[in-house]
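Residue numbering for the sequence shown follows UniProt numbering, beginning at 1 and increasing consecutively. Just so it is clear, CB atoms sit at the ideal spot from N, CA and C, and this is done for glycine as well. Single-structure report; data block below.
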Amino acid sequence: VAGGGDGTLNQVVNASLVEDSSPKCSFGLLPLGTANDFAHGAGLPAADPWAALALCAEGDATSIDVGEVENRVFVNLLAGGTGSR
């Protein structure tokens, strides 16, 4: 279980999937970040960390797709400079 936002999620996913040769793992996210884009998109209770914690403890696991670019993985989005101004 990781507490944070999209940056924390990115770090946890990369540490779990790139550093470890195991392709499958489970993790929970407490949406404590600024934007919490992944939590909102996944339908997690982004405004209620306690409800998110309850889901981590009692909820069902859901599979998500993982992308990879140059030995880095991502689960939320991939941007190539198009989001900056």
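At a Cβ-Cβ threshold of 8 Å, LEU30 and ASN76 do not count as neighbours.
Judged by DSSP secondary structure, LEU29 falls outside any alpha helix (DSSP H) and instead within the beta strand (DSSP E) spanning 29-31. Within the UniProt domain "DAGKc" (1-73), the complete alpha helix (DSSP H) segments at least 4 residues long are 6-17, 37-41 and 49-58, listed from N- to C-terminus. Taking LEU44 as reference, the option from PHE74, VAL66 and LEU55 with the minimal CA-CA separation is LEU55.
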